[in-house]
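Student: Position 477 of the sequence shown, counting from 1, maps to 476 under numbering that gives the first Met the number 0, and the rest follow consecutively.
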Amino acid sequence: MKKIIILLAASAVLLTFSACSEDDFTSKFVDPSKVTVAPTDKLFTGVLEKAGEFLRIGYGRFMLHDQGVGKLSQAWGVRPDDELYNDGLYMYSAWGWYTSTVTQYKQLKIAYETGGDETMKVYELCGRAVMYQAMLQALDEFGKLPYTDVGGFFETGEVWNDVHLEDTESLYELILDDLDKINDELPSMTMPISSMNDWLNDGNMDKWRVYVNSLRLRAAIRLTGAEDYTNPDNTLAGKAKTVVTTMLGNPGKYPVVSSTADQISVKWHGSGNGWWNTITGFDNYGQWHSRNTASNARILRLDLDGDSLYNPEFDDPRLPLLYDAVQDGRNKGKYVGINLRHNLSDIAADVSGANDGGVKQYSFVNERSFRDNRKMDSYVITPSEIAFYKAEAILRFGVGGDAKAEFVRGVRESVNMYAKINAESDAADPSASRSPAVEMSYWTDAKVTEFAERIWDNQPNKLKAVYEQFWLHCGIFNSTETWNVLRRTGYPEGLYYPYVSGYNCPVLPQRFIVPNDEYQRSPETLPNEANNGQYTRGQSYWEVLFWAREIVGDTAPK
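1) What does the Cβ neighbour count give for Arg329, buried or exposed, with the cut at 16 atoms within 10 Å?
2) Can you grab the Cα-Cα spacing for the pair Phe369 / Glu549, in whole Å?
3) Measure the beta-carbon distance from Ala260 to Gly489 and round it to whole angstroms, keeping in mind my assumption that it falls under 8 Å.
4) According to DSSP, what are the bridge partners of Tyr228?
5) Given a cut-off of 8 Å on the beta-carbon distance, is the pair Gln458 and Gly409 in contact?
6) Does Val410 come out as helix, strand or coil in the three-state DSSP assignment?
7) Evaluate the contact criterion for the segment 41-53 versus the segment 98-109: three or more CB pairs, one atom per stretch, below 8 Å.
8) Candidates Ser289, Gly332, Trp470: which alpha carbon is nearest Asp306's?
9) Considering Cα atoms alone, identify which of Trp541, Thr292, Lys238 is closest to Tyr336.
10) Do you know how far the Cα of Val121 is from the Cα of Glu184?
11) Starting from Asp92, trace the alpha helix (DSSP H) both ways and give me its first and last residue.
12) Would you call the segment 63-79 and the segment 208-224 touching, i.e. three or more CB-CB distances under 8 Å?
13) Applying the 10 Å Cβ sphere with the 16-neighbour rule, what's the burial state of Glu480?
14) Return the first residue and the last residue of the beta strand (DSSP E) that Ile263 is part of.
15) Does the contact criterion of 3 or more C-beta pairs under 8 Å hold for the segment 343-360 versus the segment 369-388?
16) Is Ser521 closer than 8 Å to Glu528 when the C-beta atoms are compared?
17) Just curious, the beta strand (DSSP E) that Ile56 is in, first and last residue?
18) Rounded to a whole number of angstroms, what is the C-alpha to C-alpha distance between Leu394 and Asp116?
19) Quick check on Gly237: buried or exposed, where buried means 16 or more other Cβ atoms within 10 Å of its Cβ?
20) Could you give the residue range of the beta strand (DSSP E) that holds Val379?
21) State the DSSP-derived secondary structure class of Leu164, mapped to helix, strand or coil.
22) Quick one: any contact between the segment 168-183 and the segment 129-149, if contact means 3 or more CB pairs under 8 Å?
23) Taking 7 Å as the limit between beta carbons, can you name the residues of its chain near Cys254, skipping five residues before and five after?
24) Rounding to the nearest angstrom, what Cα-Cα distance links Arg367 and Ser478 in this structure?
25) Give the straight-line distance between the Cα atoms of Ala239 and Glu492, rounded to the nearest whole angstrom.
26) For Glu438, count the other beta carbons within 10 Å of its own beta carbon; 16 or more makes it buried, fewer makes it exposed. Which is it?
27) Using the Cα positions of Arg411 and Ala464, report the straight-line distance between them to the nearest angstrom.
28) Is Pro459 helix, strand or coil by DSSP?
29) Short of 7 Å in beta carbon distance, which residues of its chain neighbour Gly142, apart from the five on each side in sequence? Order them along the chain.
30) Kindly indicate which residue of Pro526, Thr524, Val513, Leu525 has the alpha-carbon position closest to the one of Leu138.
31) Is Phe313 helix, strand or coil when you go by DSSP?
32) Which same chain residues, not among the five before or five after Ser194, have their C-beta less than 6 Å away from its C-beta?
33) Can you tell me which of the three DSSP states Val543 falls into?
34) Please confirm whether Gly59 and Ser92 have their CB atoms less than 8 Å apart.
35) Taking the alpha-carbon of Tyr417 as reference, which of Glu112, Ala402, Val447, Ala404 has the nearest alpha-carbon?
36) Given Leu462, which residues of its chain have a CB within under 7 Å of its CB, disregarding the five upstream and five downstream residues?
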């Protein structure tokens, strides 16, 4: 990579000596000229910080990256114009998040290996696991990644080294194998991680094992492909299936997220320290309404009686928790998402409210829950995700257990999570630009269970039920997973990819390409993937990943 990838820490310190002696100063601060070993525990925290965009949701990820990804899986509403296929730079964010995380991890690794303090090994193990989460998501989005050359300066001292893309399958296999080794080693660690250095799992070693194994299960499920589709190039499918069955068959050795108590999330730590503060407090709520529109595909799968109104006896309890009803105009009180089959000019008028006195005629992501909520945790791996994986494994691989019970648990945990987010929000009283708290007294555990069982019993294709509920669950806080499940399984079905701005795109874009600035730094070794700013058919955007399938949208006329 023709650039120096060196993290420079610059600090400006203003010293006031009026009440401090030299001894006071030297007792509190280390002379940097005498530091020979980097502090492994602090470098571990640095890995968390660099991987922070994968672990906690701020403005850049929520408002830009996740919506850029989510529009491809239609987890977010988007107009049928060139924005639908535009490869805005925010979609490339995960590349930089990943390379920064790897670079920081390699510094941690070298510090541990040269420091000679075996008690610090736990930091290297957990830092490596976090790096693998960054690698997994970046692999899922780009399909190809560098690894060996990233941060190579710290390992070899070489600066002028061009970056090479690794064999993709080998990186996925590295994740599967090395997370297994980390899980084996963690129980023997003599010193746990300090909670002061660990804002992800608060130094809880049991949760670190849960995190490592849940992440490995996520990777393995991805690599198994789908029930009705076998790609001969997917040489890891068999191994991944063995990983899934082995892990779920031995929960004592391979603990995974099983409840809210052991879910992996970045906790809210009090007023002024919430990890979501950077997306809250929009003074101009028009910015929220211009970006955070509901998609018709989502509304159709939440408004189960199809009347655009919320009726607890029929509809999904998450409908009002995820979206606001239209406030006024001809759609007042209704839940309406952007339908890509509709005329662009009509959609534009409803987005602006031009035909209804300026009142926008679409539903938006619930403002109490997500716009003005400074108390929300950031969810990394939830019990719903793991429950749906278990249900799939029981149905596909014969893993012991009750698929229906796991499905019901997944739906119930999802409802409870979104209900908690809404109920515990610290948003002020409702106004014209903010939604009220959702009344959930109807939804007892028995009612939520009855609702989930009804979905299961009424759907003859049980895998379809699992995949669609997974897509619904992840849509707000992890759009990459909605894209993953769609590309892997083909569900949800019937999504429409319209002809817009002269581009005929009936096929779901499969991956992002190497960012142009990265290519410019290493033109000899990186592929010159035609990047003209649009998803045009035939370019490498449609290079189907070995674990995925080509997804052809519904091409029926409007």
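All C-beta atoms, glycine included, are put in the ideal place defined by N, C-alpha and C.
Tutor: Checking against the coordinates, here is how it stands:
1) exposed
2) 33 Å
3) Not really, about 34 Å apart at Cβ, beyond 8 Å.
4) Ala225
5) no
6) helix
7) yes
8) Gly332
9) According to the sequence displayed, residue 336 carries Gly and not Tyr. When only C-alpha atoms are compared, the closest one is Thr292.
10) 9 Å
11) Reading off the sequence, residue 92 comes out as Ser, not Asp. Taken as a continuous stretch (DSSP letters only), the alpha helix (DSSP H) holding Ser92 covers 92-114.
12) no
13) buried
14) 263-265
15) no
16) no
17) Note, Ile56: premise wrong, no beta strand (DSSP E); not H, not E.
18) 47 Å
19) exposed
20) 377-380
21) strand
22) yes
23) One detail in the question is off: residue 254 reads as Pro in this sequence, not Cys. Closer than 7 Å at the Cβ level, and outside the excluded window around Pro254, lie Arg208, Val209, Asn212.
24) 20 Å
25) 25 Å
26) exposed
27) 14 Å
28) coil
29) Thr167, Arg510, Glu542, Leu544
30) Val513
31) coil
32) Asp201, Gly202
33) coil
34) yes
35) Val447
36) Glu226, Glu391, Leu394
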